[in-house]
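With my numbering, letter number 163 in the sequence shown gets 162, and the count goes up by one each step, no holes. Since the structure comes first, as structure tokens, the remarks are kept for the end.
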Amino acid sequence: MNKLAVNFAGVDFKNPVIPASGTFGYGREYEEFYPLSLLGGISVKGTTEKMRMGNPPPRIAEAPSGMLNSVGLQNPGVDRFISNELPYLMKKDTVIIANMAGSTVDGYREVAEKLDGTDVHMLEVNISCPNVKAGGAAFGVSCEGAAAVTKAVRAVTKKPIMIKLSPNVTNIAEIAKAVEAEGADAVSLINTLLGMRIDIKTKRPVLRNNVGGLSGPAVFPIALRMVWQTANAVKIPVCGMGGISSWEDAVEMMMAGASTVQVGAAIFSDPNAPIKIIEGLEKYVNDNRLNSITDIIGAVKPW
């Protein structure tokens, strides 16, 4: 029996570890390090209605215990993703999650409708990316905006949809409940926190976009808290992410209520991070004589 197997929103994963969207591209480069079939799934680079060139550089900056990015969803567009990238991905014997974004409700609807006609296993709907100037952040920071996108996507696809939530909000659990009410099958959180660095010599922001998304170990405690709050507020499953760098972090995230986890910034410093986390989880399950990794989901005991 595979003790790491999980069923998430009706989709079977061989293990709960997924490289996060935007950190893994389409997996081609990482296949030089290990077979992609070892992964629980892959959340591919965010896809939009039309090709996007992204934001002008510099668009990556270091931060204490993390990094800032304002890449701006550079991608070839949904049509080229379907024709050029998806056939390769669907041969890799792992769950393929199509991450998608948009600046209008109609844009989200069009991307979802096109992806519905493909073999992708699940859609991850990014309503929260802070480096999208028009639309993305606005949808993710209000119950109304989040619900509107969810409703539009739900209307055009039968595939499981997972809404990726923004942490740049007052009450993330309320937004999770709003998307659940409109038919979301799962939620993933957190996306990056909005941050900034300034070059004290030039007096200009380090990023050309002025601000960017903060990720990495620095955000882990915040992500953990938000996953715990959300998991206790909704009935749909939660995918936890934000600063996960080790198998111990993954265990904490699952104990907080996550059924699956995504690994992002850690991959930049160690391409093998997802594999090391999978191996660590397997050892943890065996050392603790668990029947399944699912035994620890939501196992935290608050004081």
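A virtual CB, placed ideally from N, CA and C, is assigned to each residue, including glycine.
* Near valine 10, what residues of its chain come up, given a Cβ to Cβ distance below 7 Å and the 5 sequence neighbours on each side ignored? -> Within the sequence shown, residue 10 is the residue found at index 11, counting from 1. The answer, listed in chain order, is Val94, His120, Met121, Pro159.
* Who are the near neighbours of methionine 225 in its chain, counting only those whose CB is closer than 7 Å to its CB and skipping five residues on each side? -> To locate residue 225, count along the sequence shown from 1; it is residue 226. The answer, listed in chain order, is Pro166, Ile171, Leu188, Ile189.
* Starting from the Cα of arginine 196, find the closest Cα among Met52, Met66, Ser20 and give me that residue. => Taking the sequence shown and counting its residues from 1, the one referred to as residue 196 is at position 197. With distances taken between Cα atoms, arginine 196 lies closest to Met66.
* Contacting residues, own chain, Cβ-Cβ under 6 Å from asparagine 305 (five flanking each side not counted) -> A query on residue 305 cannot be resolved here, the shown segment of the chain reaching from 0 to 302 and no further.
* Nearest to isoleucine 162 by CA position, among Val178, Ala151, Thr156, is which residue? -> Position 163 of the sequence shown, counting from 1, holds the residue named residue 162. The option with the nearest alpha carbon to isoleucine 162 is Val178.
* **phenylalanine 32, buried or exposed, once every other Cβ within 10 Å from all chains shown has been counted against 16** => Mapped onto the sequence shown, residue 32 falls at position 33. Under this definition phenylalanine 32 is an exposed residue.
* To do: Put arginine 203 into one of helix, strand or coil per three-state DSSP.
  => Residue 203 sits at position 204 when you count from the first residue of the sequence shown. Note: arginine 203 maps to strand in three-state DSSP.
* Asked: Can you tell me the Cα-Cα spacing of aspartate 118 and asparagine 290, whole angstroms?
  -> Position 119 of the sequence shown, counted from the start, is the residue given in the question as residue 118. Position 291 of the sequence shown, counted from the start, is the residue given in the question as residue 290. The straight-line gap from Cα to Cα measures roughly 32 Å.
* Asked: Is it true that the CB of glycine 116 sits closer than 9 Å to the CB of asparagine 74?
  -> Position 75 of the sequence shown, counting from 1, holds the residue named residue 74. Position 117 of the sequence shown, counting from 1, holds the residue named residue 116. Against a cut-off of 9 Å, the Cβ pair of glycine 116 and asparagine 74 comes out as no contact.
* Hey, how far is the Cα of phenylalanine 7 from the Cα of lysine 202? -> By one-based count along the sequence shown, residue 7 stands at place 8. By one-based count along the sequence shown, residue 202 stands at place 203. Computed Cα separation, rounded: 47 Å.
* To do: For glutamine 261, write down the residues that DSSP places opposite it in a beta bridge.
  => In the sequence shown, residue 261 corresponds to position 262, counting from 1. Paired residue(s): Ile17, Met240.
* To do: Compare the beta carbon distance of isoleucine 296 and methionine 254 with 9 Å and say whether it is the shorter of the two.
  => Translated into the one-based positions of the sequence shown, residue 296 becomes position 297. Translated into the one-based positions of the sequence shown, residue 254 becomes position 255. In terms of Cβ geometry, isoleucine 296 and methionine 254 form a close pair [threshold 9 Å].
* When we look at the beta-carbon of aspartate 286 and count the other beta-carbons within 10 Å, is it buried (16 or more) or exposed? -> As a working mapping, residue 286 is identified with position 287 in the sequence shown. Its Cβ having fewer than 16 others within 10 Å, aspartate 286 is exposed.
* Quick check: the region 75-87 against the region 249-266, are there 3 or more CB pairs under 8 Å? -> no
* To do: Answer with yes or no whether the minimum CB distance from tyrosine 33 to chain D is below 9 Å.
  => Absent here is chain D; the protein component of the structure consists of one chain.
* What number of angstroms, rounded off, separates the C-alpha of serine 36 from the C-alpha of tyrosine 25? -> Translated into the one-based positions of the sequence shown, residue 36 becomes position 37. Translated into the one-based positions of the sequence shown, residue 25 becomes position 26. Answer to the nearest angstrom: the Cα atoms are 13 Å apart.
* For phenylalanine 219 versus glycine 242, is the C-beta spacing smaller than 9 Å? -> Against the sequence shown, residue 219 aligns to sequence position 220. Against the sequence shown, residue 242 aligns to sequence position 243. Going by C-beta atoms, phenylalanine 219 is nearer than 9 Å to glycine 242.
* Could you check where the beta strand (DSSP E) with asparagine 68 kicks off and where it finishes? -> If you number the sequence shown from 1, residue 68 lands on position 69. 65-68 is the span of the beta strand (DSSP E), which, as asked, contains asparagine 68.
* Cβ separation of glutamate 48 and valine 110, assumed to be a contact under 8 Å, to the nearest whole Å -> For the purposes of this step, residue 48 is taken as the residue at position 49 of the sequence shown. For the purposes of this step, residue 110 is taken as the residue at position 111 of the sequence shown. 5 Å between Cβ atoms; contact.
* Asked: Since glycine 144 is in the alpha helix (DSSP H), which residue starts that stretch and which ends it?
  -> Mapped onto the sequence shown, residue 144 falls at position 145. 142-155 is the extent of the alpha helix (DSSP H) around glycine 144.
* **Of the listed residues Phe23, Arg27, Glu28, Ile59, nearest to serine 42 (C-alpha basis)** => For the purposes of this step, residue 42 is taken as residue 43 along the sequence shown, with counting starting at 1. Nearest of Phe23, Arg27, Glu28, Ile59 to serine 42, Cα basis: Phe23.
* **Endpoints, alpha helix (DSSP H) assigned at lysine 176** => Residue numbering aside, residue 176 sits at position 177 when the sequence shown is read from its first letter. Looking at the DSSP string, the run of the alpha helix (DSSP H) that includes lysine 176 is 171-180.
* Asked: In chain order, what residues of the same chain have a beta carbon less than 6 Å from the beta carbon of alanine 147, not counting five sequence neighbours either side?
  -> Counted from its first residue, the sequence shown places residue 147 at position 148. Val104.
* Asked: Which residues bound the alpha helix (DSSP H) around isoleucine 162?
  -> To locate residue 162, count along the sequence shown from 1; it is residue 163. Per DSSP, isoleucine 162 belongs to no alpha helix (DSSP H); it is in the beta strand (DSSP E), 160-163.
* Taking the alpha-carbon positions, what's the proline 34 to glutamine 228 distance? -> For the purposes of this step, residue 34 is identified with residue 35 of the sequence shown, where counting begins at 1. For the purposes of this step, residue 228 is identified with residue 229 of the sequence shown, where counting begins at 1. Using only the alpha carbons, I get a separation of about 35 Å.
* For valine 299, the nearest candidate out of Met252, Ala265, Val284 (CA to CA) -> The residue you call residue 299 lines up with position 300 of the sequence shown. Closest option to valine 299, Cα to Cα, is Met252.
* How long is the line joining the alpha carbons of glycine 134 and glycine 101, rounded to whole angstroms? -> Walking along the sequence shown from the start, residue 134 turns up at place 135. Walking along the sequence shown from the start, residue 101 turns up at place 102. Confidence is the limiting factor: at glycine 134 the pLDDT is only 45, short of 50, which leaves the residue's position unreliable, though a coordinate-based value still follows. Rounded to the nearest angstrom, the two C-alpha atoms are 7 Å apart.
* Provide the residue(s) that pair with methionine 50 in DSSP beta bridges, ordered along the chain. => Locating residue 50 in the sequence shown gives position 51, counting from the first residue. For methionine 50, which the question treats as bridged, DSSP gives no partner whatsoever.
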